[in-house]
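J.: Residues are numbered in my numbering as their position in the sequence shown, beginning at 1, plus a constant of 19.
We put the CB at the ideal spot given by N, CA and C, even for glycine.
Got a structure here, written out as structure tokens. Questions coming.
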Amino acid sequence: MALIVGYKGVEGIDIDHSSLIHADNVDIKDIPLNEFKMSENLIERALLVEWENLQMHYKNGNSEGFEKSSEIIASYLFDKSHDIIKLVKFLDIPSFIVHEVKNDADPKRLTQILRLAINIITAGDQEVFLFFHQQNFFSCVDSFMNSQNTTLITCAVILISSVLDDYVRIGVKPPFDFSPNKISEVVDFFFIRGPLFCLLGNILCEIPSLDNINEYIQLGFNILKPVDNYNRFFEGIDYVLHLDFPKFWPLIRANLELLYSFVFCKSLTSENMIISNSLNVMTLLNNLIENYKVAKQEIVPNLPFKDLLMIAEIQKPKVLSLSIKLLAKTVKHHIFEAQILFESSVYHNIIDIFENGQVDEKISCMLLVLKLFDALGDDGNLSIFLCNDFFQILVDFIDPSLEKQFFSTLKLINVLINKQPELIQCCDESLIRSLEEMKINTSNEKILSYITSVMKLIHDSQENTF
């Protein structure tokens, strides 16, 4: 096994950078490592031990041992409290990686080396990246895309994706063939869908002047294949959400738009298919919006308003609740389409849903009514909610044991009273008791604020009546 020395030295140790030592008989113990071996830093000393172990395992063909040492080294690399990369450079681990990638033909060993490379490059600085670039390392990695070994392809895809921004930063064209035709050759390898999706996201983000951008968008859609298998789409989305989500937004948005066109198209699918597919898609959208701030900012304004309304009009359990909830979230961005909502059966059935619907449907309707008052407070179509009957339904719905439900109901009650002060007459003793009970049991400042506001209105009304 060749140990290559000479990549990078450290202060106090003079290494000849112009020469590379290629000698099978060179042992790491013969290299002047006293600065590190005598270090009080246990991580530095442990890294030395694992580096020795890794080379020994590699020489002996012990893949399990190599992988274990590689994982341990990787865990040290991301300890930001110490300059471990300085030691990595001195040990010449990058040169070792380059040499073996260029000279080893065994896919399993290459995969192990690439995993180590991914960790070194990800944890390293620009100097580490430039060294790999100057050694034509990434051209070798690109050739692995032609492999039939899915694990090796996956490592290559991850590595290529991780350095695209480095190439953009130094203004050099990346040495990769990431043409749509090239990428499409590996689309059918099921286990690399997440990393490949990330690669496409990086391409769209880092190289915005692509002439064939639509091909990449369509390719991303093909990778996740939502039409054929929704789980692949959801898993792919989930994969990138655990990474740098904003970087992949162009691809996610394009995929969602294609998804809308398929899921909500009556001419392509039956009503039962629409219900089934839309439930999956709306669940995904709701999870994205509620769990990721950037997703909320990007998705909500562009939700398919008319399609959601069409789904809501089917009035099936679960689908009704989710579609109304998403309509509520996006309604302020579709003010000019509000008349379509006002003329729909969904809108005219809201009061009936409050009386006879499921709890989640009632809460979704409350959210929609609130958002409508926020966006179109003076619109005459909203007058159907400014009546005693509807107000009494809300009062009866108050439940101090359910904080989320209580908050939504109280917020709407407060809005209606401010719009129609006469409604305060419907506030009976049971409502006052519920408000007092919740005031004692909650620490939620927003709820306390609404309780105070409503109780003040009730108190002022009683004084005026007296």
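(1) Would a C-beta distance cut-off of 8 Å place Y279 and P320 closer than the cut-off?
(2) Can you give me the C-alpha to C-alpha distance between C445 and I382, rounded to a whole angstrom?
(3) Output yes or no for whether 8 Å exceeds the beta carbon distance between F373 and I412.
(4) Is the Cβ-Cβ distance between I343 and V365 less than 8 Å?
(5) I116 and I132: beta carbons closer than 8 Å?
(6) Alpha carbon to alpha carbon, how far is L129 from E146?
(7) Quick one: Cα of S88 to Cα of M329, how far?
(8) CA-CA distance, I140 and F148?
(9) If I451 sits next to L476, beta carbons under 8 Å apart, how far is it from one beta carbon to the other, in whole angstroms?
(10) Going by the CB atoms, is the gap between S166 and I172 shorter than 8 Å?
(11) Could you tell me if V313 is buried or exposed, where buried requires 16 or more neighbouring beta carbons within 10 angstroms of its beta carbon?
(12) So is V473 buried or exposed if we call it buried at 16+ other beta carbons inside 10 Å?
(13) What is the DSSP secondary structure of F197, counted as helix, strand or coil?
(14) One question on the structure: do L380 and S340 come within less than 8 Å of each other, judged by their Cβ atoms?
(15) Which same chain residues end up closer than 8 Å to E356 when comparing Cβ atoms and leaving out the 5 residues on each side of it in sequence?
(16) Near D418, what residues of its chain come up, given a Cβ to Cβ distance below 7 Å and the 5 sequence neighbours on each side ignored?
(17) Compare the beta carbon distance of K121 and M164 with 8 Å and say whether it is the shorter of the two.
(18) Suppose you measure from the CA of Q334 to the CA of A175; what does that come to, to the nearest Å?
(19) Cβ of T461 within 8 Å of Cβ of L454?
(20) Going by C-alpha to C-alpha distance, which of D393, I370, D397, K337 sits closest to C384?
(21) Is the beta carbon of L391 less than 8 Å from the beta carbon of K337?
(22) Would you mind working out which of N375, S402, T349, E441 sits nearest D415, comparing C-alpha positions?
(23) Since E234 and P199 are thought to touch, with beta carbons under 8 Å apart, how far apart are those beta carbons, to the nearest angstrom?
(24) Please state whether DSSP places T141 in a helix, a strand or coil.
(25) May I ask which residues mark the beginning and end of the alpha helix (DSSP H) holding A124?
(26) Run the CB neighbour count on S449, radius 10 Å, all protein chains shown included, and call it buried at 16 or more, exposed below.
(27) In three-state DSSP terms, what is L476?
(28) Take D447 and list the residues in its own chain whose beta-carbon comes closer than 8 Å to its own, dropping the five residues that flank it on each side.
(29) Select from L307, L386, T302, V191 the residue whose C-alpha is nearest the C-alpha of Q153.
(30) Going along the chain, which residues of its own chain have a beta-carbon closer than 7 Å to the beta-carbon of E86, five neighbours each way excluded?
(31) How is T173 classed by DSSP in three states: helix, strand or coil?
(32) Please report the distance separating the alpha-carbon of S427 from that of K465.
T.: Answer, in terms of the structure:
(1) no
(2) 21 Å
(3) yes
(4) yes
(5) yes
(6) 23 Å
(7) 57 Å
(8) Rounded to the nearest angstrom, the two C-alpha atoms are 6 Å apart.
(9) 11 Å between Cβ atoms; not a contact.
(10) yes
(11) Exposed is the call here.
(12) buried
(13) coil
(14) The sequence given here has Glu at residue 380, not Leu. Yes, these two residues count as a Cβ contact at 8 Å.
(15) A distance below 8 Å between beta-carbons, with the five flanking residues on each side excluded, links E356 to the following residues of its chain, in chain order: F324, K325.
(16) Q424, F425
(17) no
(18) 48 Å
(19) no
(20) Here the closest residue by C-alpha is I370.
(21) no
(22) N375
(23) 4 Å
(24) Residue state, collapsed to three classes: helix.
(25) A124 -> no alpha helix (DSSP H), and no H or E assigned at all.
(26) exposed
(27) helix
(28) V414
(29) V191
(30) Q131
(31) helix
(32) 11 Å
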